[in-house]
Amino acid sequence: MSSKMRSFRVLLGVRVTAAVIAAVGAVAVLSYLSLRQGLDRQLDASLLNVATIQAAAVTDDPTGTMRFPEWELTPEEAASVRELNRYAQIWSADGESLVRGRYITDDLPLDSAALGRAASDELVWTRGTFQGRPIRALYYPLERLGELHTRHVLQVAAPMEERNRMLKSVGLLLLGILGTIGASTFAGSWWLAGKVVRPVDRIIDQAEGIARGGPSRKIDAYADTLEYQRLVQGLNDMLGRLSAALETQKRFAADASHELRTPLTALRGEIEVALRRDRTAEEYVKVLDSALEESERLSRLAEDLLTLTRSEAGVLKPHFRKVDLVDRINRTVSRLSNEAQEKGIELLGPGGSPVEASVDPDLFDRVVWNLLGNAVKFSPQGGRVEVHLVRTDGATLVEIADQGPGIPEDELKKIFERFYRTDESRTPGELESGTGLGLAIAQAIVELHHGSIKAENRPEGGALFRASLPHAAVGDAARSPK
Numbered sequence: 007m008s009s010k011m012r013s014f015r016v017l018l019g020v021r022v023t024a025a026v027i028a029a030v031g032a033v034a035v036l037s038y039l040s041l042r043q044g045l046d047r048q049l050d051a052s053l054l055n056v057a058t059i060q061a062a063a064v065t066d067d068p069t070g071t072m073r074f075p076e077w078e079l080t081p082e083e084a085a086s087v088r089e090l091n092r093y094a095q096i097w098s099a100d101g102e103s104l105v106r107g108r109y110i111t112d113d114l115p116l117d118s119a120a121l122g123r124a125a126s127d128e129l130v131w132t133r134g135t136f137q138g139r140p141i142r143a144l145y146y147p148l149e150r151l152g153e154l155h156t157r158h159v160l161q162v163a164a165p166m167e168e169r170n171r172m173l174k175s176v177g178l179l180l181l182g183i184l185g186t187i188g189a190s191t192f193a194g195s196w197w198l199a200g201k202v203v204r205p206v207d208r209i210i211d212q213a214e215g216i217a218r219g220g221p222s223r224k225i226d227a228y229a230d231t232l233e234y235q236r237l238v239q240g241l242n243d244m245l246g247r248l249s250a251a252l253e254t255q256k257r258f259a260a261d262a263s264h265e266l267r268t269p270l271t272a273l274r275g276e277i278e279v280a281l282r283r284d285r286t287a288e289e290y291v292k293v294l295d296s297a298l299e300e301s302e303r304l305s306r307l308a309e310d311l312l313t314l315t316r317s318e319a320g321v322l323k324p325h326f327r328k329v330d331l332v333d334r335i336n337r338t339v340s341r342l343s344n345e346a347q348e349k350g351i352e353l354l355g356p357g358g359s360p361v362e363a364s365v366d367p368d369l370f371d372r373v374v375w376n377l378l379g380n381a382v383k384f385s386p387q388g389g390r391v392e393v394h395l396v397r398t399d400g401a402t403l404v405e406i407a408d409q410g411p412g413i414p415e416d417e418l419k420k421i422f423e424r425f426y427r428t429d430e431s432r433t434p435g436e437l438e439s440g441t442g443l444g445l446a447i448a449q450a451i452v453e454l455h456h457g458s459i460k461a462e463n464r465p466e467g468g469a470l471f472r473a474s475l476p477h478a479a480v481g482d483a484a485r486s487p488k
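Here our numbering runs 6 ahead of the position in the sequence shown, where the first position is 1.
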């Protein structure tokens with residue numbers, strides 16, 4: 007965990023530092039470029055001013071010899087040409103040196119292209135090196151002088167060492183400032199990231215403790231802090247759901263083992279009794295019929311468990327298509343009619359014109375079968391079970407009403423739990439015991455259809471189960487039993 011925390015701190019520090027360095031660096035670069043441009047303009051203006059003064063002072067004598075005034079140097083300055091901060095030289099248009107300053111012994115470096123442009127009456131600035139020193143030079147066109155009135159060019163140059171030294175000093179200063187800001191920013195980001203993740207670290211420590219001790223506990227670290235309230239609340243909600251899921255799983259495992267043990271025990275007992283002595287063929291047939299009944303119950307239980315497990319795991323995917331609900335329900339009613347008649351129960355399906363809805367036909371049949379079977383089971387002899395279809399805006403209500411003893415109010419919310427059974431004493435007659443999963447499966451299938459199901463007691467007696475299924479339907483607004 008600590009390595010991830012350090013990685014987060016490094017990542018935050020690097021990103022923040024990079025952003026700050028980029029911003030400050032951009033300002034520093036712009037400042038440096040602005041300073042360099044300003045110094046270059048100042049130097050160029052100085053050269054132009056010197057060239058203008060020198061050009062105005064240049065003279066020639068009757069012999070054609072050109073002269074221009076020189077800067078007066080002290081004896082100490084004159085001892086070293088390198089102390090000069092300005093150079094001057096006059097060139098002919100064809101590149102012949104006519105006259106140069108008194109204190110320079112070599113010709114200034116000549117740029118032929120610049121000389122040609124200056125001879126065409128254009129100001130030209132160049133860079134070069136003179137006696138090992140970087141210089142900035144200006145080629146300045148002179149007025150036509152002498153008897154031939156030929157064009158000459160004045161070259162004025164100045165060393166750039168001072169300018170370069172200043173730029174270097176400023177550049178180093180800016181780099182130092184940038185490095186200091188970068189280091190300070192990274193250190194500050196590192197410290198701030200530590201402050202930010204410290205509460206998360208405490209929350210994780212509590213979560214790890216809960217993982218070792220069970221999800222029934224809650225996280226209380228920084229639960230009252232606005233920035234972490236949603237995180238803590240989300241984790242606590244997740245822990246609550248996990249705790250409920252674990253409890254449900256434990257209860258389901260216990261109930262499933264009990265439900266599986268009962269038919270297996272009965273099956274084993276019957277077989278053991280049958281094998282204790284020789285029996286007649288009729289007795290063996292009776293034992294085999296009982297064993298078949300128990301095996302069928304085991305098969306139904308296994309199928310129901312598989313259906314619920316697939317639904318909860320998200321594997322059970324409905325295949326929706328438009329079907330006539332009236333037709334689907336009446337088919338199921340026909341399948342149950344014989345069983346209902348044997349118990350003296352009148353079973354009525356919906357009538358009227360078709361009602362179409364988008365459902366999974368097989369899963370829808372399973373819902374109707376489970377609800378009808380439950381209603382038949384709890385209806386008294388001579389009772390009646392009715393199925394109604396009611397169309398509302400955006401949904402179809404499948405209502406199944408019986409005339410049984412109803413459901414105790416405190417059990418209305420429990421009957422959709424797995425393996426939950428109401429008091430069997432309310433069941434009239436000797437009815438076949440179910441798996442205790444029928445209503446749970448019906449609810450799971452309805453929820454797969456993005457619908458809902460609930461149970462209530464009818465004022466006139468009996469129970470009413472209502473499943474709401476979203477659909478696109480055509481037909482009458484309501485359907486009544488035939």
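Glycine included, each C-beta is placed from N, C-alpha and C at the ideal position.
Just so we're clear, the structure is a prediction, and the values are computed from it rather than from any experiment.
DSSP places Gln137 outside both helix and strand once states are collapsed to three, so it counts as coil.
Going by DSSP, Lys460 is part of the beta strand (DSSP E) stretching over 458-463.
Excluding residues up to 5 positions away in sequence, Ile209, Gln212, Ala213, Ile216, Val238, Leu241, Asn242, Leu245 lie with their Cβ nearer than 8 Å to the Cβ of Ile225 in the same chain.
In this structure Ala448 touches Leu377 by the C-beta definition: roughly 6 Å separates them, less than 8 Å. Rounded to the nearest whole angstrom, the C-alpha separation of Ala297 and Val279 is 12 Å. In the structure shown, Leu418 falls within a coil segment according to DSSP collapsed to helix, strand and coil.
Boundaries for Asp408: no beta strand (DSSP E) harbours it, and the DSSP string shows neither H nor E there. Arg123 and Asn91 have their C-alpha atoms roughly 25 Å apart.
Between Gly468 and Ala401, the C-beta spacing is not below 9 Å. In the three-state reduction of the DSSP assignment, Ser385 falls in the coil class. Excluding five sequence positions before and after Glu352, the CB atoms of its chain that fall closer than 6 Å to its own CB belong to Arg390, given in chain order.
Residue range 327-330 is occupied by the beta strand (DSSP E) that includes Val329.
Counting the other Cβ atoms within 10 Å of the Cβ of Asp310 gives 16 or more, which makes it buried. Taking Phe326 as the centre and dropping the five residues before and after it, the same chain places the C-beta of Ser364, Val365, Asp366 closer than 7 Å to its C-beta, in chain order.
In this structure the region 162-179 touches the region 126-141; the number of beta carbon pairs closer than 8 Å is three or more.
Sixteen is the threshold: since fewer than 16 other Cβ atoms of the shown chains lie within 10 Å of the Cβ of Ser263, the residue is exposed.
The shortest CA-to-CA distance from Lys323 to any of Val293, Ser340, Glu149, Phe370 is the one to Phe370. For Pro360, the secondary structure class from DSSP, reduced to helix, strand or coil, is coil.
The continuous beta strand (DSSP E) containing Arg390 extends over residues 390-398.
Nearest C-alpha to Val339 among Leu307, Val373, Ala450: Val373.
The closest CA to that of Ala63, considering only Ile96, Gly31, Val130, is found on Ile96. Glu302 counts as exposed, since fewer than 16 other beta carbons sit within 10 angstroms of its beta carbon.
A check of alpha carbon separations from Arg464 across Pro411, Val162, Gly101 identifies Pro411 as the nearest. Measuring C-alpha to C-alpha distances from Leu54 to each of Asp113, Tyr146, Asp112, Pro356 identifies Tyr146 as the nearest. Short of 8 Å from the beta carbon of Arg133, and not among the five residues preceding or following it, lie these beta carbons of its own chain, in chain order: Pro140, Ile141, Arg142, Ala143, Met166. Here Ala99 has Ala125, Arg157 as same chain residues with Cβ atoms under 6 Å from its own Cβ, once five neighbours each way along the sequence are excluded. Comparing C-alpha distances from Lys460 to each of Glu466, Ile413, Phe425 shows the shortest one belongs to Ile413.
When the beta-carbon positions are compared, Glu405 and Arg472 come within less than 9 Å of each other. In this structure Leu160 is in contact with Gln60, their Cβ atoms being roughly 6 Å apart against a cut-off of 8 Å. If you look at Val452, you'll find it in the alpha helix (DSSP H) that goes 444-454. Between Arg15 and Leu184, the alpha-carbon positions lie close to 21 Å from each other. Under the DSSP definition of a beta bridge, Thr132 partners with Ala143. The three-state reading of DSSP puts Glu352 in strand, counting E and B together. Using a Cβ distance threshold of 9 Å, Leu445 and Val393 do not count as a contacting pair. Within 10 angstroms of the beta-carbon of Leu114 lie 16 or more other beta-carbons, which makes it buried.
Shown here, Leu403 sits in a strand according to DSSP, grouped into three states.
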